[in-house]
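From first to last, the protein sequence lines are chains B and X.
With my numbering applied, the first sequence corresponds to residues 308 to 384, in that order.
With my numbering applied, the second sequence corresponds to residues 26 to 379, in that order.
From the three backbone atoms N, C-alpha and C, an ideal C-beta is built for every residue, glycine too.
Since we're looking at a predicted model, the values are computed, not measured.
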Amino acid sequence: MNDKVLKILNEIRPEFDFSEPVDNFHEAGMLDSFDIVTLVTSLDEEFGISIEGVDILPENFSSIKSIVKLLAKYIQK
Amino acid sequence: MDLKFSNKKITGILTILPEREVSFEDEMHNYNFSNAKSLKLKSALGLNKRRIVEEGVCSSDLCIRGLAYLFETNKLQKEDIDAIILVTQSPDYIMPPTSNVIQGYFGLKHDMICLDINQGCAGYIVGLNQAFMMLDQEAINKVVLLNADVLSPKVSKKDRNSNPLIGDAAAITIIEKSTQETEVFCNIKMNGKGALVLQIPAGGSRLPSSPETAILYEDASGNFRSKDNLVMKGDEVFNFVQVEVPPLIESLLIKASVKKEDVDYYMFHQPNRFMLHKVADKIGVDRDKMPSNVVENFGNSSGVTIPVAITYNLGSKLIDEKFKICLSGFGVGLTWASMLLEIGPLDFCEIIEY
Numbered sequence: 308m309n310d311k312v313l314k315i316l317n318e319i320r321p322e323f324d325f326s327e328p329v330d331n332f333h334e335a336g337m338l339d340s341f342d343i344v345t346l347v348t349s350l351d352e353e354f355g356i357s358i359e360g361v362d363i364l365p366e367n368f369s370s371i372k373s374i375v376k377l378l379a380k381y382i383q384k
Numbered sequence: 026m027d028l029k030f031s032n033k034k035i036t037g038i039l040t041i042l043p044e045r046e047v048s049f050e051d052e053m054h055n056y057n058f059s060n061a062k063s064l065k066l067k068s069a070l071g072l073n074k075r076r077i078v079e080e081g082v083c084s085s086d087l088c089i090r091g092l093a094y095l096f097e098t099n100k101l102q103k104e105d106i107d108a109i110i111l112v113t114q115s116p117d118y119i120m121p122p123t124s125n126v127i128q129g130y131f132g133l134k135h136d137m138i139c140l141d142i143n144q145g146c147a148g149y150i151v152g153l154n155q156a157f158m159m160l161d162q163e164a165i166n167k168v169v170l171l172n173a174d175v176l177s178p179k180v181s182k183k184d185r186n187s188n189p190l191i192g193d194a195a196a197i198t199i200i201e202k203s204t205q206e207t208e209v210f211c212n213i214k215m216n217g218k219g220a221l222v223l224q225i226p227a228g229g230s231r232l233p234s235s236p237e238t239a240i241l242y243e244d245a246s247g248n249f250r251s252k253d254n255l256v257m258k259g260d261e262v263f264n265f266v267q268v269e270v271p272p273l274i275e276s277l278l279i280k281a282s283v284k285k286e287d288v289d290y291y292m293f294h295q296p297n298r299f300m301l302h303k304v305a306d307k308i309g310v311d312r313d314k315m316p317s318n319v320v321e322n323f324g325n326s327s328g329v330t331i332p333v334a335i336t337y338n339l340g341s342k343l344i345d346e347k348f349k350i351c352l353s354g355f356g357v358g359l360t361w362a363s364m365l366l367e368i369g370p371l372d373f374c375e376i377i378e379y
């Protein structure tokens with residue numbers, strides 16, 4: 308799952324290396340709110356889920372770990 | 026706050042759209058992002074083309090075009106108008122009220138009320154509420170609700186967060202007393218703590234426009250705008266809508282004792298397709314019942330998007346048929362409101378161009 312997430316992130320912002328350890332993608336300027344919209348659309352399609360609007364918060368997309376944690380919640384449903 | 030109105034009805038809706046159309050691709054070069062990134066956003070949000078006015082066209086011009094059309098086609102008689110309510114964030118002047126300017130243009134009777142209301146994305150429901158309250162007066166039988174916003178001149182062309190979304194439009198809705206027993210359910214909420222989440226910082230008394238407020242600055246995301254431009258905290262607005270709107274609709278339907286599947290259409294404010302799809306999924310209604318095609322065809326015209334959605338998606342159907350429709354507007358203020366009512370058959374339901 309990590310690899311798929313990483314691939315999507317690199318497609319959205321190819322100028323950054325998301326595999327490098329970063330505390331917070333949002334605070335580091337690697338993902339803005341509109342990138343998150345694109346990311347959610349891609350994750351919904353890739354994993355066949357619909358991430359709820361209330362979960363579309365910057366903190367849920369701050370790192371690969373937080374994104375995978377969010378995805379796990381939907382994939383387990 | 027829950028509100029309820031009886032024996033009132035909408036009898037006609039007219040949308041006025043600027044003839045000028047611009048496409049996302051036409052403006053993409055203005056943004057400080059790669060074309061590939063901008064096109065991804067276009068796809069995710071459902072952006073395509075939008076209608077904006079030519080330089081110098083004001084809210085009143087769109088309203089006057091629409092009213093003149095209704096008078097010329099005998100769909101509305103001047104002497105029947107007892108009140109004009111104009112909901113806009115882009116008045117012609119700081120003073121006088123633009124509704125008075127429109128009244129004066131047509132030489133309407135003096136024995137009437139003209140009222141401007143400053144409201145944004147929930148402006149259609151706020152305006153309808155005001156019209157219904159006026160119609161409780163014996164002297165008032167017909168109210169003309171004007172929703173108009175010309176915000177494109179207030180948006181930086183280099184702001185990818187706002188510019189590709191914004192459209193200009195006006196709508197005219199006629200509201201009258203009804204001899205038939207009708208019920209309209211409404212709920213409305215406001216939170217001024219979030220008032221500056223969506224704003225135009227300069228141009229009012231707090232920060233008058235000046236050469237300094239016109240200077241462009243770059244935000245953390247690479248957008249350029251000045252303090253004279255519209256700015257929104259997109260993530261906060263998004264989260265506010267997702268948290269507040271679904272329970273608002275649920276509460277409205279419970280008050281009205283109506284099941285969500287018995288509502289024919291959910292005609293909501295149109296911020297973008299992505300946001301509406303997430304709201305529809307959360308409420309648990311079919312996305313086909315909640316049209317989300319206004320931004321991609323015309324742009325987000327703030328308080329005008331609900332009548333645009335109705336006239337574009339239902340149009341002539343509403344001349345012959347009646348539908349149970351749930352309306353909802355949310356945004357500037359912060360304000361969020363919903364309304365459940367039956368609409369149709371109408372005397373007119375159409376779109377014209379300016």
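{"Query": "Helix, strand or coil at L28 (chain X) according to DSSP, with G and I counted as helix", "Result": "strand"}
{"Query": "Length of the line joining the Cα atoms of N248 (chain X) and E261 (chain X)", "Result": "17 Å"}
{"Query": "Assumed close pair D289 (chain X), I213 (chain X) - CB separation to whole angstroms, cut-off 8 Å", "Result": "Their Cβ separation, rounded to whole angstroms, is 22 Å, which puts D289 (chain X) and I213 (chain X) out of contact at 8 Å."}
{"Query": "Whole-angstrom C-beta distance between T113 (chain X) and D193 (chain X), which should lie under 8 Å", "Result": "The Cβ separation is near 11 Å, so there is no contact."}
{"Query": "Length at least 3, wholly inside the segment 109 to 148 of chain X: the beta strand (DSSP E) runs in chain order", "Result": "138 to 142"}
{"Query": "Nonlocal neighbours in the same chain, by C-beta distance under 7 Å from L255 (chain X), ignoring five residues either side", "Result": "L176, K179, V180, S187, I225"}
{"Query": "Residue ranges of each alpha helix (DSSP H) within the segment 220 to 283 of chain X, 4 or longer", "Result": "259 to 281"}
{"Query": "Alpha-carbon to alpha-carbon, Y379 (chain X) and E44 (chain X)", "Result": "6 Å"}
{"Query": "Run of the beta strand (DSSP E) containing V169 (chain X), from where it starts to where it stops", "Result": "167 to 174"}
{"Query": "Minimum C-alpha distance to S391 (chain B) - residue among B:E327, B:I382, B:S326", "Result": "The displayed coordinates of chain B run from 308 to 384. Any statement about residue 391 (chain B) would go beyond what the structure contains."}
{"Query": "Residue burial classification, N297 (chain X) (beta-carbon count within 10 angstroms, cutoff 16)", "Result": "buried"}
{"Query": "Residues near A195 (chain X) in its chain [Cβ-Cβ closer than 7 Å; skip 5 each side]", "Result": "I41, S84, L87, C88, G91, L171, N172, A173, V329"}
{"Query": "Proximal residues of chain B, C-beta to C-beta of Q295 (chain X) below 9 Å", "Result": "Chain B residues near Q295 (chain X): none, gap ~16 Å exceeds 9 Å."}
{"Query": "Burial state of I197 (chain X), where buried means 16 or more other Cβ atoms lie within 10 Å", "Result": "buried"}
{"Query": "Of the listed residues X:K33, X:M215, X:I138, nearest to G145 (chain X) (C-alpha basis)", "Result": "X:M215"}
{"Query": "CA-to-CA distance, L95 (chain X) to L313 (chain B), given in whole angstroms", "Result": "57 Å"}
{"Query": "Distance CB(K252 (chain X))-CB(N55 (chain X)) smaller than 8 Å", "Result": "no"}
{"Query": "Contact list for the segment 282 to 311 of chain X against chain B, Cβ threshold 7 Å", "Result": "F299, K303, V304, D306, K307"}
{"Query": "Contacts that S357 (chain B) makes with chain X (C-beta to C-beta distance below 7 Å)", "Result": "D306"}
{"Query": "Proximity test, Cβ basis, 8 Å: F323 (chain B) and chain X", "Result": "no"}
{"Query": "Rounded separation between K311 (chain B) and E334 (chain B) - CA only", "Result": "22 Å"}
{"Query": "Rounded separation between I38 (chain X) and F325 (chain B) - CA only", "Result": "51 Å"}
{"Query": "Bridge-paired residues (DSSP) for L352 (chain X)", "Result": "X:M292, X:M364"}
{"Query": "The segment 130 to 144 of chain X touching the segment 306 to 321 of chain X, judged by at least three CB pairs closer than 8 Å", "Result": "no"}
{"Query": "Contact under 8 Å by Cβ, W361 (chain X) with E275 (chain X)", "Result": "no"}
{"Query": "Test: S187 (chain X) CB closer than 8 Å to a CB of chain B", "Result": "no"}
{"Query": "For L301 (chain X), the three-state DSSP class (helix, strand or coil)", "Result": "helix"}
{"Query": "Three or more C-beta pairs below 8 Å linking the segment 120 to 130 of chain X and the segment 326 to 346 of chain X", "Result": "no"}
{"Query": "Buried versus exposed call for E201 (chain X) [16 or more other C-beta atoms within 10 Å across all chains shown]", "Result": "buried"}
{"Query": "Secondary structure of E321 (chain X), DSSP reduced to three states", "Result": "helix"}
{"Query": "Beta bridge counterpart(s) of G37 (chain X) as assigned by DSSP", "Result": "X:I199, X:F373"}
{"Query": "Reduced DSSP category for K74 (chain X) - H, G, I as helix; E, B as strand; rest coil", "Result": "strand"}
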